[in-house]
Structure formats: structure tokens, C-alpha cells
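Chemist: Numbering (this note's numbering), first residue to last: 10 to 860. Where is the CB? At the ideal position from N, CA and C, for every residue including glycine. In this text, all values refer to a predicted model and were calculated from it rather than measured experimentally. Let me give you the structure first, and then I'll get to my questions.
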Ligand code: SF4
């Protein structure tokens, strides 16, 4: 039978299979997923686990049927015991299981009391690009329209705030002009600060497929590391960290001097070009500023000069910097100067990290935005939004951005905080300070799918949220395409949608009128209507065509790109690439005068790496530059991917990538344990010595939390420096030192259940990491204690698990400092079951890990 973009049901002899199209919840590519559930559209949950399989949605215009490793493993997040076993099932108040009415009453009362006593700016919300747009919309409405503060910020601040600010400065709006299709239409693709192969794999596969079809397509990668993306490029420029803007500023001057600028476009559609030219670095200085050889610079400049169809892709490597916004504008300047913006095959293309960072931008989830791409500083917009919401008040000035928000928690200004779907104790810079602040805040609510995060343990109210596959709503990907996430299975336990929790709390705070939403479709219609209110083409974000869709039409909604001012043709229900929508090709921008702005490059910061904070300059004490980022198969702080054996085989331990020269200088041997330290903190990670890393720089992944490793939270090493325009933290250029950490003993263990080894966390005497495997967990340990003492500690920990009569098998060789222990326990049917086995020695344990 014909399949729609919504649901369809087919029946075979013994069972009913329901096919549902939904969207991957991981990265900003926003791939379509086709899920099949067996036996019921809403399957049973924990016992038995639901039967779900996923494949790529062949008709989704982002991925045309392909999925990366994370997307392909999505069914396991619903069907694996480890994953489902990690879920938060009921509301919890002060550590005790509770009920929804009591939990909601408590949250509402604590927020209302705090506001009454200390004012609206004493409360805050820290939300997430993992939320669905409907969740985001209601929480933003509550905070800015009803509580009357703008103290709501999102973890997207850590991801793409510099791109938002750069777009707004240049275009007068936060508009991504181009689309993924442009990557297939381009003749040159320049990827800067973007390890697309690992971080946005399906977009990279589209590029590689085009390269195979059309070998003349040139792929250029600008990245300090020889990443998997760089290894497949025609040209890799191993630039010095944080200097991309010099390369693009130099490029602008070279294009102008070479007569390659589109002077008509500049004259008719932009302003500020002449001023901009005055502030460019000399051509001769670009090599010195960027650390690049002249031949590579010449090759890049020549490609831009001689190719009409160029797309410049930028991502977190650009955004997560104290000069991120300036770098974004240096890229956009080049595209404006050549008139290459929003045209088929040419333009700047920001790719977001999170699945719904764009949706958050659309509703105003950032502290400096209001709603529907309207800035909070615009009085006319404030009046429009307040009147649309019919709300008692409206925030009048920007709220606290992420780093400032947690500083305000630290200094006691914020006294009640609700964290939704994110884990700032691991992901924020100054992570230890954030943890300390949350341990002291008078009231903390956390809504999440799991209580096994380093943030959840500080919550006074813990609210179980529905996970992917359970919740229902929309997300927007990096090319402005809005797709539905649909429910596949019955939610576990008492889990509820985030938008529902917010509405229930709002009602209890006395705001019932503004939050009487029946379902996600009702929220979406209001969001769509607001985008069109008073718009008339003055704002880029307009999906008013969806303002009157019915619940059934919402259920069937096919992926579409905004803007969408006419009601979608649901009868056709055929998302295709033919409907690509681009902005600015005709040169109409959203500044009041309709002109785009050339942004003058900041020159102060060109004189030294960071005049704002000398702690961030390499020094004899901290001589190496730390870069942080993603691994291919992990997601954020591993709350979902860390439980899946299918995704931990790629890279299973936290590591530091270091060049052989630096490793020798630091006296590191390959695979030894290394301490990476900055002026604010340190971590213990495995040394990975490789030429992929340029000398002078090191790389540590962002993922490992205290749930999976001791002392490897890399954001505890990052200080709180931010881009002064966007407020985005500089997560990729932290001066550090690296030194060997010399344990006296090593251990390897396998466990039937995950042991609680939190006692080893944050203790300088221990290193450990924990990896899920089929049927249990395996772990690596190291300790400053000698083997004879370390085995006692490990046995104490390991003996917490396993019930009934225990039997041990020991092998102790004190002279050789080698110990082995296995514990068995009786099961109900009398058969012996291995609870754990551990090997401890004075040297790294030589046991096959596949054991
Ligand atoms: Fe999901 Fe991103 Fe992979 Fe697509 S590329 S399947 S959106 S993680």
C-alpha cells in the first residue's frame, strides 16, 4: 500500500506492522527515519521491550534513505535493556518518588514564591536544542510573557550562537540562506571548523557521493586537525587554532585587488564595504597570522577567485571561539563581496550541532531573542508579541546568556532554576564551578529522560520526560526544514512531554489562559500564527501557512522548508528536493534599509591571541592549545548513546590526541594515562599519539561524564571565556599542559551489572572508564595504590552487586603483584552466574578485551 509521510499500517499473517516516519534526534542534519513497530502502534514498553526497527526515510530530502551509525542504532534506545533501564520512570521530589500533581505543585510553588520574594529575574530556565519546537515555544512564552524575565537560555548557546549573531549583523535576521542541495550544485566546497565526516555524517556522504559523480568538485577543509573530513579533502589547510578570520579577511582583500568582487551587487545591496576594506590584514601577513604556507593560501584564494559556485560550510570550530562572531562575518563578507549568497550552489552555510537548535532560534529560545525571530530589543516587536499572547507582561531586556546564567546561580542571584533536557554539569565551561553552584541553589528542577546524569543528582524536583520515539512534535534542521518527530511506542513509566509539564506548572502559577493547549498540534498552530503576525514579509521566519492546519493534517505533515505562507498541500504529501527555498539571491535583506552589512573585522584581537584574558594565551606553564569536540558515534554527554554497545566500539575510552613531538616533550608513551590541566581544572585520559594532531595542539572529546569515566569531564578544564558579541563559550582554544600520570596498578574487569564506582570519581588516586558490552559492562582501572591495596578497594565496590550465595575464584600472586578474582552467585534456578571478573597487576593487564 502507498506510504505517506505519516503513518501507515500493513498486516502480515501473524502480526501487525506499523510504519511511522519520524526524524533523527541527534544532529542538525535532521535525517528522516522510517520506523517499524511490531504488533501495536503503541507497543508495550519495559516488559517485554518494544519491537522497533529503523531505516532511513527514502523520501526525506535531508538524507534520502541514509542514516549514520548513531541514527541506525536509534531503535536500540527503545529496545535495549541497558537503555530502557537507565530511564527515569516517576517524578521525584528531594530524592523520593512522588506523583505528578505533587511534583508540579512543588515546582510552581517554589518558582512563584521565589518571584514574589526576589522578583522575576531571580528565576531562570536553561533549556536545550534537544527539545521539540512545541516544548521550546511554551517555555519561552511562560518566561518572557508571563513571568516577565528573559532569563531563559539554551545549550544551543554553546553550539551556534556566534552564527546567529553573525547572520543578524550581516543580514538583519538570523537567516541561513542556503540548503544542503547547494552542496551538490557547488564546484568548490570549503569546510571551515567543521568535521562533517564525524559530526554531520549524512551531509558529508552527500558531498562524497557528488564528488564521486563529479570528480572536478573541489573539497577544501580548514581545520587544525587532520580529521576524517580533512583526510578526504582535495586541500587541507591545517590552520593555527582560532585564526580562520584572518584567512577570510585576507581573502576578501585578495578578491578585491584581483578584481573578483561583484561591484554591482555590493553597490546595490550592501553597505560598509569601503570601511571594511580599510581594516583588512595585508596579504603578506596572512601566512604569519594563520600559520599556513603561502602555496596553500594561494590555492584557496585562487579557487574562490575563479569559481562562481562556492559554498562555505562552517560549524562549531568557528562558533565556539572568543572571536566566533567575527569569523562568521569574515566568511559572510566574502560571499557578499562576490554576490554569492543564497544562489544555487553558492553561499555561506552554517550547520548546527543539535537536532533542533534551529527550532529553538525560531521560537526565541535564546536570552536575547523574543519569539519568531523577533529581537527582544525592538519595542514594536515586544508590543506585537505581548498583544498576540495577551500576556500580563513582556520581558523588556535580554536575559542572562548561558555562562552568565550559571555565574548568577553561583553568586546567588538566580535562586530557582529549571534545567530541561540538558546536562550542564558536564557540558558547560567551568564545569566544576557549575556543579558547585547547582549543589547550593535553593531550588532546582530537572526534566530529563534519565536520572543517570551528573546534573540530575542535584535536582530537588526530578521530572520524567518522554524520550525520542515517545514524544510528538516538530524539529527544524540546518537547512530550515521542519519535520515531524512522531510517537512510536508508549512512553515508559510516568514520562510526559516537556510542553505538558511547562503548561501544568504555568496553570498552577495562575496563567491558565495562556497555556490551555490540548496537544502538540495546538502549540504548533499558535507558533505558526505568531510567525505571521504583523509580518507581511518584514521578517524571514514565517510559517503562517500552518496556522490553520487540523490535528490530522499536523499528524500527516510532510517535511517542509520555511518560509511557508500558504497552507501546505497535504494531499501531495511528497517532500522533494524541487521545493528548495533560498534567501537573498535577489539582494533583499532584513535590515530596515534592505541592505546587507559588511562587518568590519576586529583588529584588536589580531595583535595577540586573546587580549581579553591572558590566562588563555599559551605560556610556559600551559604551552599547548586544547581543542574539544565530538567523536563519530557518541552524542553529547552519552546519556543515550553511552548505553549502546553498538556505538561504544568505535572509541571506547576518553583520550587526548597529541602530536608525537609534543608527546615526546611531555614524556608520554602511546596509550599511557595522561593528565590534561588548565588553570581551572584537569582530567585523566588515555594518550593517543598521532600525526593527525598538529604540534602545539591537543584534542580531547567532549562526551565523557562521571557516568562513564572518572575525572574525564573535559569542560572542567575549559574556563569561561566567551565571544563578546554572541556570548558563546570558547570551547576550542584553551591553554593546557599535558603530563604522564603514573599509576602503581592497573585493572581490567567485566561486570554483569554496572557497578557504582562513583566513589572513585574525582579522586586523584584513580582512573576508570566503563563501557557497555553485550550482557554487561567492562571497565579499565588504574590507581596510585599498589595492586594488593587496589584489589581490596575494587572488591568492595564490585561486591555491591550480585545477590544470594556467593562463590569466589581467586588467584593471588603477591610476589608478581598479580591478582585475579571472579565472583559467582546462585540464581533462582540454581545455576551459577558470573557476577564479575577482575584482573589486577602492576603493569597494564594483558587480557583480551573480548573476554
Ligand atoms: Fe541522525 Fe545526524 Fe546521523 Fe542524520 S547524520 S542519522 S541526523 S546523527
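Determine the contact status of residue 342 and residue 261, defining contact as a CB-CB distance below 7 Å.
Modeler: As a position in the chain shown, residue 342 is number 333, starting the count at 1. As a position in the chain shown, residue 261 is number 252, starting the count at 1. Yes, they are a contact pair.
Chemist: I'd like the span of the beta strand (DSSP E) that includes residue 850, first residue to last.
Modeler: Reading the chain shown from its first residue, position 841 is the one you call residue 850. Taken as a continuous stretch (DSSP letters only), the beta strand (DSSP E) holding residue 850 covers 841 to 850.
Chemist: Could you pull the start and end residues of the alpha helix (DSSP H) that residue 419 belongs to?
Modeler: Residue mapping note: residue 419 aligns to position 410 of the chain shown, counting from 1. Run containing residue 419: 411 to 419, per the alpha helix (DSSP H) assignment.
Chemist: Does the contact criterion of 3 or more C-beta pairs under 8 Å hold for the stretch 71 to 80 versus the stretch 209 to 220?
Modeler: The answer is yes - the stretch 209 to 220 touches the stretch 71 to 80, with three or more Cβ pairs under 8 Å.
Chemist: Start and end of the alpha helix (DSSP H) containing residue 212?
Modeler: Position 203 of the chain shown holds residue 212. Residues 210 to 222.
Chemist: For residue 478, does the count of other Cβ atoms within 10 angstroms reach 16, so buried, or fall short, so exposed?
Modeler: Reading the chain shown from its first residue, position 469 is the one you call residue 478. Result: buried.
Chemist: So for residue 29, helix, strand or coil by DSSP?
Modeler: Along the chain shown, one-based indexing puts residue 29 at 20. The answer is strand: DSSP assigns residue 29 an E or B state.
Chemist: For residue 825, which residues from the same chain have a beta carbon less than 7 Å from its beta carbon, with the 5 sequence-adjacent residues on both sides left out?
Modeler: The residue given as residue 825 occupies position 816 in the chain shown. For residue 825, where only same-chain residues beyond five positions count, there are no Cβ hits under 7 Å.
Chemist: Does the Cβ of residue 676 have 16 or more other Cβ atoms within 10 Å, making it buried, or fewer, making it exposed?
Modeler: Within the chain shown, numbered from 1, the residue matching residue 676 stands at position 667. Exposed: under 16 other Cβ atoms inside 10 Å.
Chemist: How big is the Cα-Cα spacing for residue 809 and residue 845?
Modeler: Indexing the chain shown from 1 puts residue 809 at position 800. Indexing the chain shown from 1 puts residue 845 at position 836. In a straight line, the C-alpha of residue 809 is about 11 Å away from that of residue 845.
Chemist: Can you give me the Cβ contacts of residue 4 inside the same chain, cut-off strictly under 8 Å, excluding the 5 residues immediately before and after it?
Modeler: Nothing can be reported for residue 4: it is not among the residues displayed for the chain, which extend from 10 to 860.
Chemist: Between 774, 764, 475, which lies nearest to residue 805 when the distance is taken from Cα to Cα?
Modeler: Within the chain shown, numbered from 1, the residue matching residue 805 stands at position 796. Closest by alpha carbon: 764.
Chemist: Would you say the beta carbon of residue 577 comes nearer than 6 Å to a heavy atom of the ligand SF4?
Modeler: Taking the chain shown and counting its residues from 1, one reaches residue 577 at position 568. Checking every heavy atom of the ligand SF4 against the Cβ of residue 577, none is found closer than 6 Å.
Chemist: Quick one: is the Cβ of residue 61 within less than 6 Å of any heavy atom of the ligand SF4?
Modeler: Here residue 61 corresponds to residue number 52 of the chain shown, with the count starting at 1. Not under cutoff, so the answer is no.
Chemist: Nearest by alpha-carbon distance to residue 244: which of 330, 226, 80, 258 is it?
Modeler: Position 235 of the chain shown, counted from the start, is the residue given in the question as residue 244. Nearest of 330, 226, 80, 258 to residue 244, Cα basis: 226.
Chemist: Using CA coordinates, which residue listed in 533, 521, 246, 186 is at the minimum distance from residue 399?
Modeler: The residue given as residue 399 occupies position 390 in the chain shown. If we check each option's Cα against that of residue 399, 521 comes out closest.
Chemist: Would you mind sorting residue 626 into buried or exposed? The rule is 16 or more other CB atoms within 10 Å of its CB.
Modeler: If you number the chain shown from 1, residue 626 lands on position 617. Residue 626 should be labelled exposed.
Chemist: Roughly how many whole angstroms lie between the Cα atoms of residue 693 and residue 723?
Modeler: Walking along the chain shown from the start, residue 693 turns up at place 684. Walking along the chain shown from the start, residue 723 turns up at place 714. Their Cα atoms are separated by approximately 9 Å.
Chemist: Given this structure, state the Cα-to-Cα distance separating residue 390 from residue 600, to the nearest angstrom.
Modeler: Your numbering for residue 390 matches position 381 in the chain shown. Your numbering for residue 600 matches position 591 in the chain shown. In a straight line, the C-alpha of residue 390 is about 15 Å away from that of residue 600.
Chemist: Spell out the partners DSSP gives residue 777 in its beta bridges.
Modeler: Taking the first residue of the chain shown as position 1, residue 777 is located at position 768. Partner(s): 790.
Chemist: Contact between the stretch 343 to 357 and the stretch 661 to 676: three or more CB pairs below 8 Å?
Modeler: Touching, no, given that fewer than three Cβ pairs across the two stretches are closer than 8 Å.
Chemist: Can you tell which of 406, 267, 324, 333 has the C-alpha that lies nearest to the C-alpha of residue 310?
Modeler: Against the chain shown, residue 310 aligns to sequence position 301. Ranking 406, 267, 324, 333 by Cα distance to residue 310 puts 267 first.
Chemist: Give me, in chain order, the residues of the same chain whose beta-carbon lies closer than 7 Å to that of residue 52; leave out the 5 immediate sequence neighbours on both sides.
Modeler: Along the chain shown, one-based indexing puts residue 52 at 43. Caution is warranted here: a pLDDT of 45 is assigned to residue 52, below 50, making its placement in the model unreliable, and the coordinate value is therefore given only provisionally. Correct list, in chain order: 46, 59, 60, 498, 499.
Chemist: Relative to the ligand SF4, is the shortest distance from any of its heavy atoms to the C-beta of residue 200 smaller than 6 Å?
Modeler: Counted from its first residue, the chain shown places residue 200 at position 191. Residue 200 Cβ: outside cutoff for every heavy atom of the ligand SF4.
Chemist: Counting pairs of Cβ atoms below 8 Å between the stretch 151 to 164 and the stretch 187 to 195, do you hit three or more?
Modeler: They do not touch, by the three-pair rule.
Chemist: Pull up the distance between the alpha-carbon of residue 83 and that of residue 63, whole angstroms please.
Modeler: Translated into positions along the chain shown, residue 83 becomes position 74. Translated into positions along the chain shown, residue 63 becomes position 54. Roughly 7 Å separates the two Cα atoms.
Chemist: Using a 10 Å radius around the Cβ and a threshold of 16 neighbouring Cβ atoms, would you call residue 66 buried or exposed?
Modeler: Against the chain shown, residue 66 aligns to sequence position 57. It is buried - the Cβ of residue 66 has at least 16 other Cβ atoms within 10 Å.
Chemist: Taking all protein chains shown into account, do 16 or more other C-beta atoms lie within 10 angstroms of the C-beta of residue 295, making it buried, or fewer, making it exposed?
Modeler: Mapped onto the chain shown, residue 295 falls at position 286. By the 10 Å Cβ count, residue 295 comes out buried.
Chemist: Taking the alpha-carbon positions, what's the residue 698 to residue 706 distance?
Modeler: Locating residue 698 in the chain shown gives position 689, counting from the first residue. Locating residue 706 in the chain shown gives position 697, counting from the first residue. Going from the Cα of residue 698 to the Cα of residue 706 covers about 12 Å.
Chemist: Taking 6 Å as the line, does the beta carbon of residue 80 fall inside it for any heavy atom of the ligand SF4?
Modeler: For the purposes of this step, residue 80 is taken as residue 71 along the chain shown, with counting starting at 1. Yes - the ligand SF4 has a heavy atom lying nearer than 6 Å to the Cβ of residue 80.
Chemist: Distance check for residue 407 and residue 424, CA to CA, integer angstroms please.
Modeler: As a position in the chain shown, residue 424 is number 415, starting the count at 1. As a position in the chain shown, residue 407 is number 398, starting the count at 1. Approximately 19 Å, taken between the alpha carbons.
Chemist: Short check: CB of residue 462 to CB of residue 648, under 7 Å?
Modeler: Taking the chain shown and counting its residues from 1, the one referred to as residue 462 is at position 453. Taking the chain shown and counting its residues from 1, the one referred to as residue 648 is at position 639. Against a cut-off of 7 Å, the Cβ pair of residue 648 and residue 462 comes out as a contact.
Chemist: Check each candidate in 857, 729, 737, 571 and name the one with the smallest Cα separation from residue 788.
Modeler: Against the chain shown, residue 788 aligns to sequence position 779. The shortest Cα separation from residue 788 among 857, 729, 737, 571 belongs to 857.
Chemist: Let me know the secondary structure DSSP gives residue 853 once reduced to three states.
Modeler: One-based indexing of the chain shown puts residue 853 at position 844. Of the three classes helix, strand and coil, the one that applies to residue 853 here is coil, per DSSP.
Chemist: Would you say residue 38 touches the ligand SF4, meaning its beta carbon is less than 6 Å from a heavy atom?
Modeler: The count along the chain shown starts at 1 and reaches residue 38 at position 29. Answer for residue 38: yes, Cβ within range of the ligand SF4.
Chemist: Once you ignore the five residues that flank residue 366 on each side, which residues in its own chain have a CB closer than 7 Å to its CB?
Modeler: Counted from its first residue, the chain shown places residue 366 at position 357. Taken in chain order, the residues that qualify are 37, 138, 165, 168, 169.
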